[in-house]
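Take the sequence shown: its position 197, counting from 1, is numbered 209 in the working numbering, and each next residue is one higher.
For glycine and all other residues, C-beta sits at the position ideal for the given N, C-alpha and C.
Being a predicted model, the structure only gives us computed values, none of them experimental.
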Amino acid sequence: MTTSPEIPLSRLTPSTFLWSVDGAVGTITLNRPERKNPLTFESYAELTEHFRALVHVREIRAVVITGAGGNFCSGGDVHEIIGPLVAAKNEGRVDDLLRFTSMTGGLVKAMRACPQPIVAAVDGVCAGAGAILAMASDIRLGTPGSRVAFLFTKVGLSGADMGACAMLPRIIGHGRAAELLFTGRFMSAEEAERWGFYARLTSAESLGAEAAALAAALASGPSFAHAITKACLHEEWAMSIDDAISHEAKAQAVCMTTGDFERAYRAFVEKRPPAFRGD
13 MTTSPEIPLS RLTPSTFLWS VDGAVGTITL NRPERKNPLT FESYAELTEH
63 FRALVHVREI RAVVITGAGG NFCSGGDVHE IIGPLVAAKN EGRVDDLLRF
113 TSMTGGLVKA MRACPQPIVA AVDGVCAGAG AILAMASDIR LGTPGSRVAF
163 LFTKVGLSGA DMGACAMLPR IIGHGRAAEL LFTGRFMSAE EAERWGFYAR
213 LTSAESLGAE AAALAAALAS GPSFAHAITK ACLHEEWAMS IDDAISHEAK
263 AQAVCMTTGD FERAYRAFVE KRPPAFRGD
């Protein structure tokens, strides 16, 4: 599959994950349950293509990403990814290694640039690149049986993978992120919730319904304003507080030009719930 951002979502036919739509919520289900849903070269490309295409799809207003068979994602497939990368190293094809790491990082960039809020529904194993997918989502729900590990050091690599050294400290704090990225150990569900990686824990049986309900609630909100919130959360990491305040003043003024802003006011005056349309 190519990675051109111009291909419409309606023309994409992913083979490495399932895509379903319920109302304004789209759900990505990683679908190799017999192997705990590992990623391959193809799935990286298809996921990146999908998130890039979602930029242009107004009718999808929130996204859930989850895994089939009781696990989220076990990371990069050992045989289909790591083996070929070792071969490339032994053959001196360093450019191939950089192309791969740039491609994997491109998936995170696509998720962050996707205007829809992304809810990760995490059960079971969530490791390596799977942990990155959860990290790159906007909100994460977990189960008591979920286990998260940024285990790159376990295969002789650094914890600096796909933006982890930039993003994880901002989610759970520098010291906690440093320990996880240096050791590669699994973070328990209780730690993940206590440290703020998970917004909350729910039972495995209710995880799908909880994630769908949260995504539906987001989808029913002001989607243009949600996209602004997501963009500001991403862009302001590198700003000073003063610059961020100025940046948000401009962003909020733009939101005040939308129909949703006026609709919310009219609804308040008339003592009824607002009906947001995303414009």
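Per-residue DSSP class, three states only, for residue i
| i | result |
| --- | --- |
| Thr39 | strand |
| Cys85 | strand |
| Pro241 | Reading the sequence as shown, one finds Thr at residue 241 and not Pro. In the structure shown, Thr241 sits in a helix (DSSP, three-state: H, G or I). |
| Arg105 | coil |
| Gly154 | strand |
| Val131 | strand |
| Arg70 | coil |
| Ala287 | coil |
| Ile19 | coil |
| Gly171 | coil |
| Leu145 | helix |
| Trp207 | coil |
| Lys166 | helix |
| Leu24 | coil |
| Pro234 | coil |
| Cys177 | helix |
| Pro50 | coil |
Status (buried if at least 16 other CB within 10 Å, exposed otherwise) for residue i
| i | result |
| --- | --- |
| Tyr277 | exposed |
| His68 | exposed |
| Arg152 | buried |
| Pro285 | exposed |
| His186 | exposed |
| Met268 | exposed |
| Asp272 | buried |
| Glu58 | buried |
| Thr14 | A caution first: Thr14 carries a pLDDT of 39, below 50, which makes its placement in the model too unreliable to give a value. |
| Gly154 | buried |
| Phe194 | exposed |
| Lys283 | exposed |
| Arg124 | buried |
| Ser83 | What sits at residue 83 in the sequence shown is Asn, not Ser. So Asn83 ends up on the buried side. |
| Gly79 | buried |
Beta-bridge partners of residue i, as assigned by DSSP
| i | result |
| --- | --- |
| Asp34 | Val37 |
| Arg159 | Val137, Ser200 |
| Val120 | Its beta-bridge partners do not exist; DSSP assigns none. |
| Ala213 | First, the amino acid is wrong: residue 213 is Leu here, not Ala. Paired residues: Gly154. |
| Phe29 | Leu42 |
Span of the alpha helix (DSSP H), counted from its first residue to its last, around residue i
| i | result |
| --- | --- |
| Arg187 | Inspection of the sequence shows that residue 187 is occupied by Gly rather than by Arg. Start and end: 186-195. |
| Lys262 | 253-267 |
| His62 | 53-66 |
| Leu219 | 219-231 |
Continuous beta strand (DSSP E) stretch holding residue i: start and end
| i | result |
| --- | --- |
| Val76 | 74-79 |
| Arg278 | Note, Arg278: premise wrong, no beta strand (DSSP E); alpha helix (DSSP H) at 271-281. |
Cutoff 9 Å: residue i Cβ touching any chain B Cβ
| i | result |
| --- | --- |
| Arg70 | The structure shown contains no chain B; it is built from a single protein chain. |
Give a yes or no on contact between the segment 109-120 and the segment 163-171, applying the rule of three or more CB pairs nearer than 8 Å. no
Would you check if the segment 213-232 and the segment 26-42 touch, i.e. whether three or more CB-CB distances between them fall below 8 Å? yes
Are there three or more Cβ pairs, one per stretch, closer than 8 Å when the segment 62-76 is compared with the segment 126-134? yes
Inter-stretch contact (C-beta, 8 Å, three-pair minimum) for the segment 157-164 and the segment 135-142: yes
Under 8 Å, with one C-beta from each stretch per pair, do the segment 85-103 and the segment 42-50 reach the 3-pair mark? yes
If contact is defined by three or more beta carbon pairs under 8 Å, each pair taking one atom from either stretch, is the segment 255-264 in contact with the segment 240-247? Between the segment 240-247 and the segment 255-264 there are three or more inter-stretch CB-CB distances shorter than 8 Å, so the stretches are counted as touching.
Count the CB pairs spanning the segment 176-191 and the segment 201-209 that are closer than 8 Å, and state whether there are at least three. yes
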